[in-house]
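Asks:
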Amino acid sequence: MIFQILDANYVYDPDGFPIVQLFGTTPSGRPVTVQASGFRPYFYARIDERRIDSAIDGIREMGLSAEAVDRFRPVGYQRRPSKMLKVVAKDPKSVRDFRESVLSVPGVLEVYETDVLFKNRFLIDLDLGGMRWAEVEAGNGGSDLETAPAGSATIGPVPYTSLRPAGAGPAVAGGAEREKVPGAEARGGAKAIPNAPLRTLAFDIECLPLHGAMPSPETSPVIMVSLAFDPPYKGREDLVLVGRDLDCPRGDVLCCGGERAMLARFVEILKDYDPDVLAGYNSAEFDFPYLEERARRLNVEVRVGRDGGPWRVRKIVNQTRVEITGRIVVDLLPLVRSSFSLKRYTLRNASLELLGVEKHDVDPKEMEALWTSSGDDFARLVSYSRRDSYLALHLLTDLQLLDKYIALAQTSGSLLQDVIDGGQTGMVENFLFRKFQERGRVIPPKPDADLSSARAAQSSELKGGEVLEPKKGLVEDVLILDYRSLYPSIMMAHNLCYSTVVTDERPPSGGVVKPPSGGEFVLPGEAPGIVPGVLSDLLAQRTDIKRRMKSASEEERSILDAQQYALKILLNSFYGYSGYARARLYSLPLANAVTSFGRTNILNTKRMVEEIGSVYVRDGKALLPEEMASASGDSFPAVGEFKRFDLSVVYGDTDSVFIRLKPFGGSGVKPTLEEAELVGGKIAETVTSRLPPPMELVFEAFARRGLFLVKKRYALWVFEKVGGEWRDKIKVRGMETVRRDWCELTSKTLNRSLELVLMEGRVEEAVDLAKSVIDRLQRLDLRKDPEILEDLVLTRRYTKSTASYKNKQPHVQLAEKMRARGGPVPSVGDRVPFVIVRGRGLFVDRAEDPSYALENGLLIDTDYYINKQILPPLLRLLAPFGVSKEQLVCCPEQQRLFDLAPPGAAVAKGRAPSGPPAEGQEQKQKSLFDF
DNA sequence: CAACACGCCTAA
DNA sequence: TGAGTTAGGCGTGTTG
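Under full-length UniProt numbering, the first residue of the first sequence carries the number 1, and numbering increases by one thereafter.
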């Protein structure tokens, strides 16, 4: 029988030995639990070779078994393995304690792999992994499972040796000996098995706020639970559970009489529907903790796990984690946060931006009245509640948010829940555990707090990428080239790895690579690195998947796309991991070697391009100067038979170069798109041929015009070939249009101006646009023009508790104001929207809640918006064309005076003259004389 | 007024 | 946020 692994844990047999439970799904989507016995927890101890016997005796006296093995230490090139003991325990929970006692045994030098969760140890050692397929030889009940009556089935306990990997997803990692034949077919011809269908339940709760305040689980009941199902549950796509008695006219509204009965019903439906995935929006921070507390108070059992256990809500520092054995718990809020750059992450805004669906809303103050009402009013409350679980479900399914996490789980071997909740570290480590094991290398435990902070202090010595100074201003005809997976390809090209870095042993031949950062790495002939090998596997798989995507159906393509994305993420994670202070495998020499090669490479690339100097295009072919010369012999072709473009690098960042093509001579003709592509391809090919494989420079796009402001800030009118056709668009990097701490009015105005300047070359129209926007602001009257408020909203992330801020920040000041008013307060991690209102004092003190400002008739500080939001970005764009501030702010005399006055001047007029003017004002006053 | 620290967000 | 990395611009407010 085969099944796809969803989750894992362990229980104990009557003798106190662990039994691993794998929770999975059969190909048809039926849940199954497989129990495996006989697998034991273990770890490694490196020992002084002269004291092996006494050390073994000492360890055996603790009731552990110990066996001498040869293993390589984690970091550093070693010619021979070290003597180690594999120490086997009975109870996984005892390993932590035995680690200390074993360390105190004379002769024991160091311990390894002492903190590997037992479920992970099991999966790693059996070459199984999250969302991968496994096969179990099940004597009874296994083969006829698919035809057995409904409900889940349990198999076993079977000996753990009767479990093995089944099939091979294209992204499932292969072993070391398959490097010769890259791609999916390489895995012993194993066929990829499509993912089993997942049953998904999304839910949302409504609580009764007291007089419009935030509900608290100590006092406010849960009044509704809405549920959305995919696939439908008993023919229904959604249900709303109601915690009061009412004649419920509709079948999809279940009136439960009271809160307790409603919660019990929720638990019943959960068990009955038996979802693989349980989702909500902000459910980890709100719904689950709330339900947990209400259930505790009302004495409702929440045993919804596939092992019969309860859900577990664990508060971690600033975060809550929810676990249900055998199921995947998904809080969509952090997923949406990490996948999309939005100004706000409320369910309302996320649904609008990502699904294009409006959310129904009920004013918290109205809730109580609606709750006790009936008829249409009550129906409104029900439909509001229903909508929220619907939106959560559709964010998950329509955006296929889970697909890439599934692919990441399959590729890395981590359980899906760990991929969703954790970061790159867990995946990289899970992956490395497997690869190091194949090569007989052990992995250290996680560094303790002291070691981590020592490393963190040290890691300021890690230098990053090189950014070239841009040639500022407008440039025409720019080629964009970049290196494909630069850091991974550097690691492969130079055999950079934990296992190749020279620490204390040197290779017999003495052959080493010396990176610009110093240090030495042995050549692949001596010892091919583990990480370079892994990267090479992953790269080959990605190339293969991208090839297969071209001929795949729509449905297949989205799965393949998730897989190639997962491979890309993983490929790029190894470098970051090596420089991460809390990594098990931290190596500053390794991380520094990678970036130092990167820096010299981009500088080299610039030099190479400029040494090439120019490229010719003749008869539909691009030629280097020497090719042109040799092709034409003594008689250089006549002008008109070829085009020549002179090359200069105008910008570059880490792995990219921007090359200007200057048509040769006064009568030089601009390149066509096709010619630009030819030239770009020629340069890429030429540079690549001079670099060690698999380093590869590729032609990415061509820009007819570009505007480079400063490092990391530029805009281009790019042309890209999509399926044989040229598509053009404006590509903006780093400028205010892509920054969320600027208002929409700025983004819109700047965006349109960029289009006018870059696509149409119409600077005057951009000037007119800016003038009209400024004029509109000067005449601003919120009562007549309330829609503009939305465009004036700035947002900033409230990153830490107020007390930890050393300086005042507008959004933090606002959060405090809101707290004092007793309304809803932004919490740490939220993006806080605000507008700047007119008044006395510092900018940071004049941030206001947009709706509060509107309701209370506060005046917008138009001077701030003109002088700080519109003018600076627009002038940065237009100044290179000789546009000055005065040209943008030209208006009736009266308003001009007003404009040039400092922010708050209107108030200053009415202020007591005795007060000393603020510093900023004094400066502005002085600058008035300049005009 | 220049130099600086802080905070935020983005590029890669 | 129980954590992939560094480079870099810019606004705000303070300091010398």
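Where is the CB? At the ideal position from N, CA and C, for every residue including glycine.
#1: Does the distance from the C-beta atom of Gly130 to that of Ala583 stay below 7 angstroms?
#2: List, from N- to C-terminal side, the alpha helix (DSSP H) runs of 4 residues or more that fit wholly inside the region 22-75.
#3: Hey, which unbroken runs of the beta strand (DSSP E) at 3 residues or more fall wholly within the region 454-540?
#4: Hey, would you say Leu208 sits closer than 7 angstroms to Ser226, going by beta carbons?
#5: Under the rule that 16 or more other beta-carbon atoms within 10 Å means buried, what is Cys890, buried or exposed?
#6: Going by DSSP, what residue range makes up the beta strand (DSSP E) through Gly652?
#7: If Gly680 and Phe645 are in contact, beta carbons under 8 angstroms, what's the gap, nearest whole angstrom?
#8: For Gly598, report the span of its alpha helix (DSSP H) as first-last.
#9: Considering Met224, what are the terminal residues of the beta strand (DSSP E) in which it resides?
#10: Going by the DSSP bridge assignment, what does Thr737 pair with across the sheet?
#11: If we count the other Cβ atoms within 10 Å of its Cβ and call it buried at 16 or more, is Ser28 buried or exposed?
#12: Under a three-way DSSP split, which group does Pro157 fall into?
#13: Have a look at Arg250 and Glu206 and give me their C-alpha separation to the nearest angstrom.
#14: Tell me where the beta strand (DSSP E) around Asp204 begins and ends.
#15: Could you say which of Ser216, Ala202, Ile774 lies nearest to Asp230 if we only look at CA atoms?
#16: Between Tyr345 and the rest of its own chain, which residues show a CB-CB distance below 7 angstroms, the 5 nearest in sequence each way excluded?
#17: Measure from the alpha carbon of residue 963 to the alpha carbon of each residue in Phe834, Tyr483, Phe881, Asp619, then state which is nearest.
#18: Could you please give me the residues that DSSP links to Thr795 through a beta bridge?
#19: When burial is assigned at 16 or more other CB atoms within 10 Å of the CB, is Trp726 buried or exposed?
#20: Do Arg73 and Ser65 come within 7 angstroms of each other at the CB atom, strictly closer than that value?
#21: Can you tell me where the beta strand (DSSP E) holding Trp717 begins and where it ends?
#22: Could you tell me the distance, in whole angstroms, from the CA atom of Val34 to the CA atom of Ile328?
#23: Should the region 689-709 be regarded as contacting the region 751-770, the criterion being three or more beta carbon pairs within less than 8 angstroms?
#24: With Ala815 as the anchor, note down where its alpha helix (DSSP H) starts and where it stops.
#25: Going along the chain, which residues of its own chain have a beta-carbon closer than 6 angstroms to the beta-carbon of Ala853, five neighbours each way excluded?
#26: What residue range does the alpha helix (DSSP H) around Ala409 cover?
#27: Of all the options Asp448, Gln4, Lys721, which has the alpha carbon lying nearest to the alpha carbon of Gly167?
#28: Check each candidate in Ser485, Asp57, Lys721 and name the one with the smallest Cα separation from Leu567.
#29: Is there contact between the region 288-307 and the region 254-272, where contact requires at least three CB pairs shorter than 8 angstroms?
#30: Given this structure, state the Cα-to-Cα distance separating Tyr805 from His811, to the nearest angstrom.
#31: Is the number of C-beta pairs between the region 593-613 and the region 642-658 that are closer than 8 angstroms three or more?
#32: Using C-beta distances below 6 angstroms, list every residue in its chain close to Gly464, excluding the 5 sequence neighbours before and after it, in chain order.
#33: DSSP on Gly169, reduced to helix/strand/coil?
#34: Which residue marks the beginning of the alpha helix (DSSP H) containing Gln778, and which one marks its end?
#35: What do you get for Asp7, buried or exposed, if any count of 16 or more other CB atoms within 10 angstroms of its CB means buried?
#36: Compare the Cα-Cα distances from Val617 to each of Ile659, Phe664, Lys234, Phe597 and report the closest residue.
Replies: By the coordinates alone:
#1: One-based indexing of the first sequence puts residue 130 at position 130. One-based indexing of the first sequence puts residue 583 at position 583. No, the pair does not count as a contact, with Cβ atoms beyond the cut-off.
#2: 52-60
#3: 473-483
#4: The residue given as residue 208 occupies position 208 in the first sequence. The residue given as residue 226 occupies position 226 in the first sequence. Their beta carbons are not under 7 angstroms apart, which means Leu208 does not touch Ser226 by this criterion.
#5: For this step, residue 890 is matched to residue 890 along the first sequence. Under this definition Cys890 is an exposed residue.
#6: Indexing the first sequence from 1 puts residue 652 at position 652. Boundaries of the beta strand (DSSP E) harbouring Gly652: 643-653, taken from the DSSP string.
#7: As a position in the first sequence, residue 680 is number 680, starting the count at 1. As a position in the first sequence, residue 645 is number 645, starting the count at 1. Between Gly680 and Phe645 a beta carbon distance of about 10 angstroms is seen, past the 8 angstroms cut, so the two are scored as non-contacting.
#8: As a first step, residue 598 must be located in the first sequence, where it is residue number 598. That run of the alpha helix (DSSP H) goes 588-612.
#9: As a working mapping, residue 224 is identified with position 224 in the first sequence. Note, Met224: beta strand (DSSP E), 222-233.
#10: Here residue 737 refers to the residue found at position 737 of the first sequence. DSSP, once it has assigned bridges, lists no residue as partnering Thr737.
#11: Numbered from its first residue, the first sequence carries residue 28 at position 28. Ser28 comes out exposed.
#12: For the purposes of this step, residue 157 is taken as the residue at position 157 of the first sequence. Pro157: strand per DSSP, three-state reduction.
#13: In the first sequence, counting from the first residue as 1, residue 250 sits at position 250. In the first sequence, counting from the first residue as 1, residue 206 sits at position 206. Answer to the nearest angstrom: the Cα atoms are 19 angstroms apart.
#14: As a working note, residue 204 is residue 204 in the first sequence. Here the beta strand (DSSP E) through Asp204 covers 200-207.
#15: For the purposes of this step, residue 230 is taken as the residue at position 230 of the first sequence. Of the candidates Ser216, Ala202, Ile774, Ala202 places its Cα closest to the Cα of Asp230.
#16: The residue labelled residue 345 in the question sits at position 345 within the first sequence. Answer for Tyr345: Leu333, Val336, Arg337, Arg831, listed in chain order.
#17: Limits of the chain in this structure are 1 at one end and 931 at the other, which puts residue 963 out of reach.
#18: Walking along the first sequence from the start, residue 795 turns up at place 795. Answer is Pro833.
#19: Taking the first residue of the first sequence as 1, we reach residue 726 at position 726. By the neighbour-count rule (16 or more Cβ atoms within 10 Å), Trp726 is not buried but exposed.
#20: For the purposes of this step, residue 65 is identified with residue 65 of the first sequence, where counting begins at 1. For the purposes of this step, residue 73 is identified with residue 73 of the first sequence, where counting begins at 1. Contact: no.
#21: Taking the first sequence and counting its residues from 1, one reaches residue 717 at position 717. Taken as a continuous stretch (DSSP letters only), the beta strand (DSSP E) holding Trp717 covers 713-722.
#22: Counted from its first residue, the first sequence places residue 34 at position 34. Counted from its first residue, the first sequence places residue 328 at position 328. Between Val34 and Ile328, the C-alpha separation is close to 17 angstroms.
#23: yes
#24: Looking up residue 815 in the first sequence gives position 815. It spans 810-821 - the alpha helix (DSSP H) in which Ala815 sits, taken as one unbroken run.
#25: On the first sequence, position 853 is the one that residue 853 refers to. If we look at Ala853 and ignore the five residues flanking it on each side, its Cβ neighbours are Val835, Val837.
#26: Here residue 409 refers to the residue found at position 409 of the first sequence. Residues 401-412.
#27: Position 167 of the first sequence, counted from the start, is the residue given in the question as residue 167. It is Gln4 whose Cα lies nearest to the Cα of Gly167.
#28: Taking the first residue of the first sequence as position 1, residue 567 is located at position 567. The candidate whose alpha carbon is nearest that of Leu567 is Ser485.
#29: yes
#30: Residue mapping note: residue 805 aligns to position 805 of the first sequence, counting from 1. Residue mapping note: residue 811 aligns to position 811 of the first sequence, counting from 1. Between Tyr805 and His811, the C-alpha separation is close to 11 angstroms.
#31: By the Cβ rule, the region 593-613 counts as touching the region 642-658, because three or more pairs are nearer than 8 angstroms.
#32: As a first step, residue 464 must be located in the first sequence, where it is residue number 464. So the list reads Thr595, once near-sequence residues are dropped.
#33: Taking the first residue of the first sequence as position 1, residue 169 is located at position 169. Here Gly169 scores only 49 on pLDDT, less than 50, and its place in the model should not be relied on; the value that follows carries that caveat. When secondary structure is reduced to three states using DSSP, Gly169 falls in the coil class, being assigned neither helix nor strand.
#34: Counted from its first residue, the first sequence places residue 778 at position 778. Taken as a continuous stretch (DSSP letters only), the alpha helix (DSSP H) holding Gln778 covers 763-778.
#35: Translated into the one-based positions of the first sequence, residue 7 becomes position 7. Asp7 should be labelled buried.
#36: In the first sequence, the residue the question calls residue 617 occupies position 617. Of the candidates Ile659, Phe664, Lys234, Phe597, the one whose C-alpha sits nearest the C-alpha of Val617 is Phe664.
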